[in-house]
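Report on the structure given below.
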Amino acid sequence: MSEFAAAMEDPVIRDDWYAVARSSDLAEGGVMEARLLGETLVLWRTGGEVLAWKDLCIHRGSKLSLGWVKDGQIVCPYHGWHYDRTGACTLMPAHPDVRPPAKARTFAYRAREAYGMIWASLGEPEHELPPFPEWDDDGFRKVLAGPYFFHANPFRTVENFLDVSHFPYVHANLNGDPDRPDPIEDFDVFVGEDGIRTSEIMVFQPYGDHRGIPVNAGYTFHCPRPLTAYFSKNTGEGNRFCTFLTVTPLAPDDCIVWLQVAINFGEELTEAQILSRQDRVFAQDKRIVETQRPYEIPLDLREELHVRSDKYCVAYRKWLKDLGVAWGASA
Ligand code: FES
Ligand SMILES: [Fe+2]
C-alpha cells in the first residue's frame, strides 16, 4: 500500500489540518509544490485565495506545479489545458472550440491560511485550525522559524517538544546545565476536549533566551492536536516567550517542523538572533529524534520506560491512543 493510501485509512490523521508552506512563499499569481502524507500538492494563489490540489493534470498526468497562473486560472505546462479555481478544465488549446468534458477536473483539497502559513487537509477536518493565542496580540512580536526537515517520526518529534527533562543534555548550557540538571518537580496534566495541557513546570536555564542571560523559566504547555503543540515560557516580570510548533507528516519516518514564536520582550534583538537560536535548538533535537528506535512511537505504555517527569509525554501517548491514531504509531 502506498504511503498516501495508508494515511488515508486513518481518519484522525487524514481529517486534520497541516502546514504545507509559508504564506510569503506564495505570492499572488504564484504556483508551488508542497508535500503532505505521501501526496504531492500544487498550491497556487489567485485573487488572494490559496488553492491546494493534487499536483496532477488529468490529461497526461504532468505536474501542475510546473505550470503558471493566467487570468485567474492555472495552465498546465504540457499541453496548456486551463483550469479555473473550481478545478474544472475550461480550455484545451489544441481544440479551442470543444467544450472540455465534465470529467476534465483536477482533484481539489482543502486549504486555509493562518499564522503566516498555508494549511491543507487531505480529508474533511472536524476541527478548526489549532489556536495560537498570541497571534493577534500586537504586544508580541512574531518570528517564523524553520521549516526544519526531520527524517523522524512525526509523533516522536512532537513528544520531544513536550519533554522538559531533555533540556540540560540535548541543549546543554543553553536550556539547561548538564552538571546541574534540574530535578523536575511534580506538575499537573489536564486532558480535555481541546487537547492536553500542563500546569507550570519550572526549570533553570543558563542561557534562557536570546538575551543570553540565566533565567528561571516556567513552561506551560498545550497540545491541541496530535501534531500541533504550544508552550508559553514565563521568565518573570511579565516576559513571555511563546512557541507554536506544528509538524507536517510526510511518512511514518519523515516530517517537517514549522515554528512560529511570539515574544513580548527584547525589542533590541534582531530577527537573525532569534532565528539562530531556534536553528541551533532544533538541530540539537533533530540529532536525537532522528535516531530514536523503533521510529514509530509506541502507544502501548508497556513499551519503553516511563518515570514521573515523563508524565506529559505519557499523557500524550495515551491521548493519541484514545483518539484512535494508528498511522505512524505502533499499538
Ligand atoms: S498533461 Fe496537462 S495539458 Fe496535457
Ligand atoms: Fe529540545
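In this text, residue positions in the sequence shown follow the numbering used here: the first is 567, and each later residue adds one. We treat Cβ as the ideally placed atom computed from N, Cα and C, and that holds for glycine.
| field | Close beta carbons around residue 613, own chain, < 7 Å, minus the five adjacent residues each side | value | As a position in the sequence shown, residue 613 is number 47, starting the count at 1. Cβ neighbours of residue 613 beyond the five flanking positions: 638.
| Whole-angstrom Cβ separation of residue 827 and residue 809, contact assumed at under 8 Å? | On the sequence shown, position 261 is the one that residue 827 refers to. On the sequence shown, position 243 is the one that residue 809 refers to. 5 Å between Cβ atoms; contact.
| task | Measure the C-alpha to C-alpha separation of residue 820 and residue 852 and round it to an integer number of angstroms. | result | Taking the first residue of the sequence shown as 1, we reach residue 820 at position 254. Taking the first residue of the sequence shown as 1, we reach residue 852 at position 286. If you take the alpha carbons of residue 820 and residue 852, they lie about 11 Å apart.
| Segment limits, alpha helix (DSSP H) that includes residue 880 | Residue numbering aside, residue 880 sits at position 314 when the sequence shown is read from its first letter. Unbroken alpha helix (DSSP H) run through residue 880: 877 to 889.
| query | Per DSSP, residue 814 is paired with what? | reply | Here the question's residue 814 lines up with position 248 in the sequence shown. The partner list for residue 814 (beta bridge, DSSP) reads 822.
| said: Quick check: does the Cβ of residue 851 come within less than 6 Å of any heavy atom belonging to ligand 2? | reply: Your numbering for residue 851 matches position 285 in the sequence shown. Because some heavy atom of ligand 2 lies under 6 Å away, the Cβ of residue 851 counts as near it: yes.
| said: Taking 8 Å as the cut-off, does the region 860 to 874 touch the region 765 to 783 (at least 3 CB pairs, one atom from each stretch)? | reply: no
| said: Using the Cβ count rule (16 or more neighbours within 10 Å means buried), how would you classify residue 624? | reply: Sequence index remark: in the sequence shown, residue 624 carries index 58 (1-based). So residue 624 ends up on the buried side.
| request: State the DSSP-derived secondary structure class of residue 734, mapped to helix, strand or coil. | output: One-based indexing of the sequence shown puts residue 734 at position 168. In the structure shown, residue 734 sits in a helix (DSSP, three-state: H, G or I).
| query | So is residue 782 buried or exposed if we call it buried at 16+ other beta carbons inside 10 Å? | reply | As a working mapping, residue 782 is identified with position 216 in the sequence shown. Residue 782 should be labelled exposed.
| query | Which residue or residues does DSSP assign as beta-bridge partners of residue 809? | reply | By one-based count along the sequence shown, residue 809 stands at place 243. 797, 827.
| task | Spell out a yes or no on whether the region 709 to 717 and the region 648 to 656 are touching, meaning 3 or more CB-CB pairs, one atom from each, closer than 8 Å. | result | no
| Environment of residue 788 [buried if 16+ CB atoms lie within 10 Å] | For the purposes of this step, residue 788 is taken as residue 222 along the sequence shown, with counting starting at 1. Residue 788 comes out buried.
| message | Looking only at its chain, what residues have a beta carbon closer than 7 Å to the beta carbon of residue 522, apart from the 5 residues adjacent to it on each side? | response | With the chain covering 567 to 897 only, the question about residue 522 has no answer from this structure.
| field | Inter-residue Cα distance where the pair is residue 871 and residue 845 | value | As a position in the sequence shown, residue 871 is number 305, starting the count at 1. As a position in the sequence shown, residue 845 is number 279, starting the count at 1. For residue 871 and residue 845, the distance between alpha carbons rounds to 30 Å.
| query | Can you find at least 3 beta carbon pairs, one from the region 617 to 637 and one from the region 833 to 842, that sit closer than 8 Å? | reply | no
| field | Cβ shell of residue 796 (< 6 Å), same chain only, five flanking positions each side left out | value | As a first step, residue 796 is located in the sequence shown; it is residue number 230 there, counting from the start. The answer, listed in chain order, is 788, 810.
| said: Among 655, 636, 629, 656, whose alpha-carbon lies nearest the alpha-carbon of residue 643? | reply: Against the sequence shown, residue 643 aligns to sequence position 77. Closest by alpha carbon: 629.
| task | Using alpha carbons as the reference points, say which of 866, 655, 585, 710 lies closest to residue 838. | result | As a first step, residue 838 is located in the sequence shown; it is residue number 272 there, counting from the start. Answer by Cα proximity: 710.
| said: Closest to residue 662 by C-alpha separation, out of 647, 669, 595, would be which residue? | reply: Translated into positions along the sequence shown, residue 662 becomes position 96. When each option's Cα is compared against that of residue 662, the closest is 647.
| message | For a test of your reading of the model: does the CB of residue 724 fall under 6 Å from any non-hydrogen atom of ligand 2? Yes or no. | response | Start at 1 with the first residue of the sequence shown, and residue 724 comes out as number 158. Checking every heavy atom of ligand 2 against the Cβ of residue 724, none is found closer than 6 Å.
| query | Sorry if obvious, but does the Cβ on residue 631 come closer than 6 Å to a heavy atom of ligand 1? | reply | Stepping through the sequence shown from its first residue, residue 631 is reached at position 65. False, no ligand heavy atom lies under 6 Å from that Cβ.
| DSSP-derived helix/strand/coil call for residue 577 | Translated into positions along the sequence shown, residue 577 becomes position 11. DSSP places residue 577 in helix when its eight states are reduced to three.
| Under the three-state reduction of DSSP, which class applies to residue 767: helix, strand or coil? | Against the sequence shown, residue 767 aligns to sequence position 201. Three-state result, residue 767: strand.
| Identify the residues that DSSP records as bridge partners of residue 714: which are they? | Indexing the sequence shown from 1 puts residue 714 at position 148. DSSP, once it has assigned bridges, lists 823 as partnering residue 714.
| message | Please determine whether the Cβ atom of residue 878 lies at a distance below 6 Å from any heavy atom of ligand 1. | response | Along the sequence shown, one-based indexing puts residue 878 at 312. No, since every heavy atom of ligand 1 falls outside the 6 Å radius drawn around the Cβ of residue 878.
| said: According to DSSP, residue 680 sits in a beta bridge with which residue or residues? | reply: Translated into positions along the sequence shown, residue 680 becomes position 114. Partner(s): 683.
| message | Does the distance between the C-beta of residue 655 and the nearest non-hydrogen atom of ligand 1 fall short of 6 Å? | response | Stepping through the sequence shown from its first residue, residue 655 is reached at position 89. For ligand 1, not one heavy atom lies less than 6 Å from the Cβ of residue 655.
| request: Specify whether the region 573 to 589 and the region 886 to 897 touch according to this definition: at least 3 beta carbon pairs, one from each stretch, less than 8 Å apart. | output: yes
| said: By the three-class DSSP mapping on this structure, what secondary structure does residue 624 have? | reply: Counting from 1 along the sequence shown, the entry for residue 624 is found at position 58. Of the three classes helix, strand and coil, the one that applies to residue 624 here is coil, per DSSP.
| said: Rounded to whole angstroms, what is the Cα-Cα separation between residue 847 and residue 744? | reply: Reading the sequence shown from its first residue, position 281 is the one you call residue 847. Reading the sequence shown from its first residue, position 178 is the one you call residue 744. Taking the straight line from one Cα to the other gives about 15 Å.
| field | With 16 other Cβ atoms within 10 Å as the buried cut-off, status of residue 804 | value | Residue numbering aside, residue 804 sits at position 238 when the sequence shown is read from its first letter. Exposed, since its Cβ has fewer than 16 Cβ neighbours within 10 Å.
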